[in-house]
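Student: Got a structure for you, written out below as structure tokens; questions coming shortly.
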Amino acid sequence: MRTLKALIVEDEEKSRKTLANMLNNFCEDVTILAECNSVDMAIKEIEKGKPDVVFLDIELPGKNGFELIEHYHDLTFEVVFTTAYNNFAIKAFRLSAIDYLLKPIDLDELRNSLERVREKKSLVKSSKQLSVLKENIQNVFEKITLPTMDGLIFVDLEQIIRCEAQNNYTKFYLLNNENYLVSRTLKYYEGLLNDFNFFRINRTDIINLKYIKMLQKGKKLRIAMSDGAQLNLSDSRKDEFLETIGA
22 MRTLKALIVE DEEKSRKTLA NMLNNFCEDV TILAECNSVD MAIKEIEKGK PDVVFLDIEL
82 PGKNGFELIE HYHDLTFEVV FTTAYNNFAI KAFRLSAIDY LLKPIDLDEL RNSLERVREK
142 KSLVKSSKQL SVLKENIQNV FEKITLPTMD GLIFVDLEQI IRCEAQNNYT KFYLLNNENY
202 LVSRTLKYYE GLLNDFNFFR INRTDIINLK YIKMLQKGKK LRIAMSDGAQ LNLSDSRKDE
262 FLETIGA
């Protein structure tokens, strides 16, 4: 296993030293190049040491963590954001498909993050992905990043008609007749989308309430969606669903 070269960018000394201690004493094959308390210092150390991964706090004195990323046209290192932000910000990271560690940092989460770094799965792959994070972290919540087999797809939340579980994958159906298969579970996206007019109607389907075309009564209540899909509403979700739509 090759040794990872790590850079810590954190203005709070206690947090910086705690992370350094965890990397030095509990994570194999990691070498800390430097500990930085500002963006300008980090830029110098990145040029000098060529790190594999940068652990980056967002809130820094002067320039913030986003400005460090924007300094580079093409990133040659992995980025793992460290944050003490609230639940809204955590949702922003997940919507943006960007890796993060929540302070105080958990050792198992740190090790998992390093494994993703080794597998090149946590890379901030584009300025657009970062832009989505910046918008979402300001509680705008207009876009979601979908990591597909072909790359990252950036989608307006209002463009999503429905999501369908396909084993451990989720298929997104959009207004423009496009669909994308993503290697994350429906339960994962249920937690992200339930604040944005989406509702899980059964074991396999989440729908955007905006695109309900008709409710068809019968032995089972069926939901006709604007894309032509006919979906069953599970009995266990019926009362909450009808209350949500005001029926």
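Read in this note's numbering, the sequence shown has 226 at position 205, and its numbers run on one by one without any break. Just so you know, even glycine gets a beta-carbon here, dropped at the ideal spot from N, CA and C.
Kindly indicate the opening and closing residues of the beta strand (DSSP E) around TYR210.
Tutor: Stepping through the sequence shown from its first residue, residue 210 is reached at position 189. TYR210 -> not in any beta strand (DSSP E); alpha helix (DSSP H) instead, spanning 207-214.
Student: From LEU131 to ASP177, what distance separates their C-alpha atoms?
Tutor: Working through the sequence shown from its first residue, we reach residue 131 at position 110. Working through the sequence shown from its first residue, we reach residue 177 at position 156. One C-alpha to the other measures close to 31 Å.
Student: In angstroms with no decimal places, state the Cα-to-Cα distance between ASN215 and THR265.
Tutor: As a working mapping, residue 215 is identified with position 194 in the sequence shown. As a working mapping, residue 265 is identified with position 244 in the sequence shown. Here the alpha carbon of ASN215 sits roughly 12 Å from the alpha carbon of THR265.
Student: Looking at ALA27 and ASP78, is the spacing between their C-beta atoms short of 8 Å?
Tutor: Along the sequence shown, one-based indexing puts residue 78 at 57. Along the sequence shown, one-based indexing puts residue 27 at 6. No; because the gap between Cβ atoms is not below 8 Å, this pair is not in contact.
Student: Give me, in chain order, the residues of the same chain whose beta-carbon lies closer than 8 Å to that of LEU198; leave out the 5 immediate sequence neighbours on both sides.
Tutor: The residue labelled residue 198 in the question sits at position 177 within the sequence shown. Per the sequence shown, residue 198 should be read as Asn rather than Leu. Contacts found: ASP248.
Student: Measuring CA to CA, which of LYS238, MET170 and LEU123 is closest to VAL203?
Tutor: Looking up residue 203 in the sequence shown gives position 182. Closest option to VAL203, Cα to Cα, is MET170.
Student: Suppose the cutoff is 6 Å on Cβ atoms and the five residues either side in sequence are ignored; what does the same chain contact list for ASP32 look like?
Tutor: What you label residue 32 is simply residue 11 of the sequence shown in a count that begins at 1. For ASP32, where only same-chain residues beyond five positions count, the Cβ hits under 6 Å are ASN58, LEU81 and PRO82.
Student: State the Cα-Cα distance for the pair ASN189 and ARG139, rounded to the nearest angstrom.
Tutor: Here residue 189 corresponds to residue number 168 of the sequence shown, with the count starting at 1. Here residue 139 corresponds to residue number 118 of the sequence shown, with the count starting at 1. Straight-line Cα distance between these residues: approximately 23 Å.
Student: According to DSSP, is ARG169 part of a helix, a strand, or is it coil?
Tutor: Position 148 of the sequence shown, counted from the first residue, corresponds to residue 169. According to the sequence shown, residue 169 is Thr rather than Arg. Reduced to three states, the DSSP call for THR169 is strand.
Student: Express the C-alpha separation of TYR194 and ASN133 in angstroms, rounding to a whole number.
Tutor: Indexing the sequence shown from 1 puts residue 133 at position 112. Indexing the sequence shown from 1 puts residue 194 at position 173. So the alpha carbons of these two residues sit roughly 31 Å apart.
Student: Use the C-beta contact count for ARG23: other C-beta atoms within 10 angstroms, 16 or more gives buried, fewer gives exposed.
Tutor: Taking the first residue of the sequence shown as 1, we reach residue 23 at position 2. By the 10 Å Cβ count, ARG23 comes out exposed.
Student: With DSSP as the reference, please indicate the residues paired to THR104 in a beta bridge.
Tutor: Position 83 of the sequence shown, counted from the first residue, corresponds to residue 104. Paired residues: LEU123.
Student: Residue range of the alpha helix (DSSP H) that GLU185 falls in?
Tutor: Locating residue 185 in the sequence shown gives position 164, counting from the first residue. Careful: GLU185 lies outside any alpha helix (DSSP H), inside the beta strand (DSSP E) at 181-187.
Student: Quick one, which of PHE114, GLN237, LEU242 and THR97 has its alpha-carbon nearest ASN223's?
Tutor: The residue given as residue 223 occupies position 202 in the sequence shown. Of the candidates PHE114, GLN237, LEU242 and THR97, the one whose C-alpha sits nearest the C-alpha of ASN223 is LEU242.
Student: By the DSSP assignment, the beta strand (DSSP E) with LEU236 in it spans what residues?
Tutor: Taking the sequence shown and counting its residues from 1, one reaches residue 236 at position 215. Residues 233-237.
Student: List, from N- to C-terminal side, the alpha helix (DSSP H) runs of 4 residues or more that fit wholly inside the region 40-105.
Tutor: DSSP runs (the alpha helix (DSSP H)) wholly in the region 40-105: 60-70 and 86-91.
Student: Applying the criterion that 16 or more other CB atoms from any shown protein chain within 10 Å of the CB defines a buried residue, is ASN45 buried or exposed?
Tutor: Within the sequence shown, residue 45 is the residue found at index 24, counting from 1. By the neighbour-count rule (16 or more Cβ atoms within 10 Å), ASN45 is not buried but exposed.
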